[in-house]
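Asker: The opening position of the sequence shown corresponds to residue 1 in UniProt numbering, with each subsequent residue numbered one higher. Beta carbons are placed, not taken as given, at the ideal position from N, Cα and C, and that holds for glycine.
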Amino acid sequence: MKKRGWSWNWVHSGLVAFLLLAGLAVRLYDLEDPPLDFHPTRQLHSLIMARGMYYQHAANVPEWQRERAVQQWRAEGVIEPPVLERLVAFIYQLAGREIPWAARVLSSLFWLMGGIGLYGLCRQFFSASASLVGLGFFVVLPYGVFASRAFQPDPWMTALIVWSWWGLTRWLSHPGWRRVWLAGLLGGSALLVKGTALFWVATPLIGGIVARGDIRRSLRDVQFWALGGLVVLPYGLYTLWGVWGSGVLQDQFSLRFFPQYWADPAFYLRWFNLLDAAIGLPWLGLGLLGAVFLPGGPGRGLGWGAWLGYLLLGLGLSHHISTHDYYSLPLAPLLGLGLAALAEIARSALGGGRWKAFLAAGVLLGMAGMSLWQARTALKRADYRKEPAFWAELADRMGRDAGVVGITQDYGARLVYWGGITPANWLTAAEFDLRRSAGQSFDLQALFAELTAGKQFFLVTMPEELDRQPELKALLQERYPLFSQGPDYLIYDLRTPKPGGGE
1 MKKRGWSWNW VHSGLVAFLL LAGLAVRLYD LEDPPLDFHP TRQLHSLIMA RGMYYQHAAN
61 VPEWQRERAV QQWRAEGVIE PPVLERLVAF IYQLAGREIP WAARVLSSLF WLMGGIGLYG
121 LCRQFFSASA SLVGLGFFVV LPYGVFASRA FQPDPWMTAL IVWSWWGLTR WLSHPGWRRV
181 WLAGLLGGSA LLVKGTALFW VATPLIGGIV ARGDIRRSLR DVQFWALGGL VVLPYGLYTL
241 WGVWGSGVLQ DQFSLRFFPQ YWADPAFYLR WFNLLDAAIG LPWLGLGLLG AVFLPGGPGR
301 GLGWGAWLGY LLLGLGLSHH ISTHDYYSLP LAPLLGLGLA ALAEIARSAL GGGRWKAFLA
361 AGVLLGMAGM SLWQARTALK RADYRKEPAF WAELADRMGR DAGVVGITQD YGARLVYWGG
421 ITPANWLTAA EFDLRRSAGQ SFDLQALFAE LTAGKQFFLV TMPEELDRQP ELKALLQERY
481 PLFSQGPDYL IYDLRTPKPG GGE
């Protein structure tokens, strides 16, 4: 019997390693393609920052290039502590050059480390076989593949959230000061990487306390308050410094809170459609169903608390949750936990027949393989290798020191990163609508005059967006000649208005 147990342990360990290696392989596929496959605005933001951090002390770049890169880095809005950007800049320094794909490798490794944490979390409640199902979903979900390669803090944050759940469960099951420090530091690190982790860490802690019973005793427990303090203190201090100290975070809390969305059915439909497109309705339904069957005590308290935290996150950041799918990224491990619960029920129903176990394992491995192949195919289909040359050519046409107003992709970040020009960005029609819903009003003529003052060119690389703003389109066509145009761009010359153009 002992020999048989050991053999099954080796099988499970081998499957864990196989899943992680297969997940890493597909994430490293098409590694050097420019990072425009997943929320490019967010990734370019981090790339611009990392380049500036690297150039600041690099000895092998011209002084003008260093100054511009540092200036562009400083112009990027601070959202959370730039820990990941610092790590990537350090890798650049070790390599002696920019290697943007290094961020993909880091994020992928962080995600897979989170997979190890998820497997460890599931093993506290379920068998090894059921835990493999939860891990497999986390590793092979196509959306998870795309998101976990991205140069943004969310993959790392998600991994730390999973490890904080693991630490919380251990403390809830067997309290002790070492486990307080472990769970608190893991949760606090998740918040420090990105503050929205608060919704994914605090509510599971509270849920676990409630599920454990004797709430009054828990509220008098010094360990509970110490753990909570370790979770919120690092990010709390950073926020205080950013808002009232340096002031770099003062603008980060505007256009975030839209309680008027709560009574609008269209908001919930947008939210659901975004989740359906990213994860898929069947997996959402099964994962949520699995939460019902989580074991009582810490497991159910943590799982239900995390679902409550997600709901609160969606209500608190209504616009972002319904437009930015990566705000829902930590659902991947939460759904994996629910699927592990269902797999445990299925394992019990199958009984002890080994052939049934092998058949079920074959089906699941086949599904995992198809899922990874689907992700690989999507990565192969997307090719952005022409983008750097396109933006560099536009910058050469206008001049590297040109003053530019633009309707361009990713708020001008492509022109910044590959062209070296920082444009003033004209709002999209959707952004005008968002600001009007927040109570702002606009005078287009005055706004145009303000943004174009001292500028030489108005660049359009999103002609469909210009069509959505007919007043702006008419103004440009009537007043300014075309400096240059191509299949994918228009450049209006602001230096030489047309005679009688209405100015």
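Identify the continuous beta strand (DSSP E) that holds Asp493 and give its terminal residues.
Answerer: In the sequence shown, residue 493 corresponds to position 493, counting from 1. From DSSP, the beta strand (DSSP E) with Asp493 extends over 489–493.
Asker: Closest by CA to Gly301, which one among Leu472, Trp200, Trp418?
Answerer: Locating residue 301 in the sequence shown gives position 301, counting from the first residue. Checked all of Leu472, Trp200, Trp418; the closest Cα to Gly301 is Trp200.
Asker: Measuring CB to CB, does Leu335 end up less than 9 Å from Ile279?
Answerer: Start at 1 with the first residue of the sequence shown, and residue 335 comes out as number 335. Start at 1 with the first residue of the sequence shown, and residue 279 comes out as number 279. A contact, by the Cβ cut-off of 9 Å.
Asker: Which of the three DSSP states is assigned to Ser484 in this structure?
Answerer: Looking up residue 484 in the sequence shown gives position 484. Ser484 falls in the strand class under three-state DSSP.
Asker: Using DSSP with H/G/I as helix, E/B as strand and the rest coil, what is Val460?
Answerer: The residue given as residue 460 occupies position 460 in the sequence shown. Strand, per DSSP.
Asker: Any idea what DSSP makes of Ile279, helix, strand or coil?
Answerer: Stepping through the sequence shown from its first residue, residue 279 is reached at position 279. Coil.
Asker: If you measure between the beta carbons of Leu135 and Gly115, is that distance less than 9 Å?
Answerer: By 1-based counting over the sequence shown, the position of residue 135 is 135. By 1-based counting over the sequence shown, the position of residue 115 is 115. Yes, the Cβ-Cβ distance between Leu135 and Gly115 is below 9 Å.
Asker: Take every Cβ of the segment 162–177, pair it with every Cβ of the segment 314–328, and state whether three or more of those distances are shorter than 8 Å.
Answerer: Too few Cβ pairs lie closer than 8 Å, so no.
Asker: Across which residues does DSSP place Asn425 in a beta bridge pair?
Answerer: Your numbering for residue 425 matches position 425 in the sequence shown. The partner list for Asn425 (beta bridge, DSSP) reads Gly406.
Asker: Leaving out five residues before and five after residue 516 in sequence, what residues of the same chain have Cβ atoms less than 7 Å from its Cβ?
Answerer: Residue 516 lies beyond the residue range present for the chain, which begins at 1 and ends at 503; the question has no answer from this structure.
Asker: For Gly338, which option in Arg414, Leu237, Leu372, Val133 has the closest C-alpha, if you only look at C-alpha atoms?
Answerer: Taking the first residue of the sequence shown as position 1, residue 338 is located at position 338. Selected option, being the one with the closest Cα: Val133.
Asker: Could you name the residues of the same chain whose beta carbon sits closer than 8 Å to that of Pro423, not counting the 5 residues immediately before and after it, in chain order?
Answerer: Indexing the sequence shown from 1 puts residue 423 at position 423. Contacts found: Val404, Val405, Gly406, Thr408, Gly412, Leu415, Val416, Leu459.
Asker: Along the chain, where does the alpha helix (DSSP H) that runs through Asp396 open and close?
Answerer: For the purposes of this step, residue 396 is identified with residue 396 of the sequence shown, where counting begins at 1. Note, Asp396: alpha helix (DSSP H), 387–398.
Asker: Roughly how many angstroms separate the alpha carbons of Asp443 and Leu472, rounded to a whole number?
Answerer: The count along the sequence shown starts at 1 and reaches residue 443 at position 443. The count along the sequence shown starts at 1 and reaches residue 472 at position 472. Cα to Cα, the separation comes out at about 12 Å.
Asker: Give me, in chain order, the residues of the same chain whose beta-carbon lies closer than 7 Å to that of Met53; leave out the 5 immediate sequence neighbours on both sides.
Answerer: The sequence position of residue 53 within the sequence shown is 53, counting from 1. Within the same chain, Met53 has close Cβ partners Trp73, Glu85, Arg86, Ala89.
Asker: State yes or no: is the C-beta of Leu233 within less than 9 Å of the C-beta of Trp171?
Answerer: Here residue 233 is taken as the residue at index 233 of the sequence shown, counted from 1. Here residue 171 is taken as the residue at index 171 of the sequence shown, counted from 1. Result no, Cβ atoms of Leu233 and Trp171 do not sit closer than 9 Å.
Asker: On the CB-based measure, 16 or more other CB atoms within 10 Å of its CB, does Leu281 come out buried or exposed?
Answerer: Here residue 281 refers to the residue found at position 281 of the sequence shown. Classification for Leu281: exposed.
Asker: What three-state label does DSSP hand Phe38 in the structure shown?
Answerer: Here the question's residue 38 lines up with position 38 in the sequence shown. In this structure, Phe38 counts as coil in the three-state DSSP scheme.
Asker: Less than 8 Å between the CB of Ala128 and some heavy atom of the ligand FMN, yes or no?
Answerer: Questions concerning the ligand FMN fall outside what the structure shown contains, since it holds no ligand whatsoever.
Asker: Between the alpha carbons of Pro259 and Leu269, how many angstroms are there, rounded?
Answerer: By one-based count along the sequence shown, residue 259 stands at place 259. By one-based count along the sequence shown, residue 269 stands at place 269. If I take the Cα positions, the gap works out to 16 Å.
Asker: Enumerated in chain order, which unbroken segments of the alpha helix (DSSP H) with a length of 4 residues or greater are wholly contained in the segment 85–109?
Answerer: Listed in chain order, nothing qualifies, since the segment 85–109 has no complete alpha helix (DSSP H) run of 4 or more residues.
Asker: Just the Cα atoms here: how many angstroms apart are Leu240 and Ser189?
Answerer: Stepping through the sequence shown from its first residue, residue 240 is reached at position 240. Stepping through the sequence shown from its first residue, residue 189 is reached at position 189. So the alpha carbons of these two residues sit roughly 17 Å apart.
Asker: Can you give me the start and stop residues for the alpha helix (DSSP H) that Leu227 sits inside?
Answerer: Here residue 227 is taken as the residue at index 227 of the sequence shown, counted from 1. Start and end: 222–240.
Asker: Arg68 by DSSP, collapsed to three states: which one?
Answerer: To locate residue 68, count along the sequence shown from 1; it is residue 68. It is helical.
Asker: Have a look at Met398, Asp325, Ala332, Asp383 and flag the residue whose alpha-carbon is nearest the alpha-carbon of Leu286.
Answerer: Locating residue 286 in the sequence shown gives position 286, where the first residue counts as 1. Closest by alpha carbon: Ala332.
Asker: Could you give the distance in angstroms between the alpha-carbon of residue 505 and the alpha-carbon of Ala58?
Answerer: This structure does not reach residue 505, given that the chain is present from 1 up to 503, and the question cannot be answered.
Asker: Under three-state DSSP, which class holds Phe18?
Answerer: Position 18 of the sequence shown holds residue 18. Reduced to three states, the DSSP call for Phe18 is helix.
Asker: Could you check what DSSP says for Lys3 in three-state terms: helix, strand or coil?
Answerer: Walking along the sequence shown from the start, residue 3 turns up at place 3. Confidence in Lys3 is poor, its pLDDT being 38 and thus under 50, which makes the residue's placement unreliable; the coordinate value appears in the next sentence. Helix at Lys3.
Asker: Going by beta-carbon coordinates alone, are Arg149 and Arg27 separated by less than 9 Å?
Answerer: Here residue 149 is taken as the residue at index 149 of the sequence shown, counted from 1. Here residue 27 is taken as the residue at index 27 of the sequence shown, counted from 1. For Arg149 and Arg27, yes; Cβs fall inside 9 Å.
Asker: Is the beta carbon of Asp493 sitting closer than 9 Å to the one on Leu482?
Answerer: The residue labelled residue 493 in the question sits at position 493 within the sequence shown. The residue labelled residue 482 in the question sits at position 482 within the sequence shown. Result yes, Cβ atoms of Asp493 and Leu482 sit closer than 9 Å.
Asker: Spatial neighbours of Glu32 within its chain, please: CB distance less than 6 Å, with the 5 preceding and 5 following residues excluded, ordered by chain position.
Answerer: Reading the sequence shown from its first residue, position 32 is the one you call residue 32. Counting only Cβ-Cβ distances below 6 Å, and skipping sequence neighbours, we find Trp101.
Asker: From this set, Tyr480, Leu490, Ile491, which residue's C-alpha is nearest Pro499's C-alpha?
Answerer: Walking along the sequence shown from the start, residue 499 turns up at place 499. With distances taken between Cα atoms, Pro499 lies closest to Tyr480.
Asker: Beta-carbon within less than 7 Å of Trp391's beta-carbon, same chain only, minus the 5 sequence neighbours each way: which residues are those?
Answerer: Here residue 391 refers to the residue found at position 391 when the sequence shown is read from its first residue. These residues qualify, in order along the chain: Arg414, Leu415, Trp418, Gly419.
Asker: Taking 8 Å as the limit between beta carbons, can you name the residues of its chain near Asn273, skipping five residues before and five after?
Answerer: Numbered from 1 along the sequence shown, position 273 holds the residue referred to as residue 273. Excluding sequence neighbours, Asn273 sits near nothing in its chain.
Asker: Leu294 to Leu490, Cα distance in whole Å?
Answerer: As a first step, residue 294 is located in the sequence shown; it is residue number 294 there, counting from the start. As a first step, residue 490 is located in the sequence shown; it is residue number 490 there, counting from the start. If you take the alpha carbons of Leu294 and Leu490, they lie about 57 Å apart.
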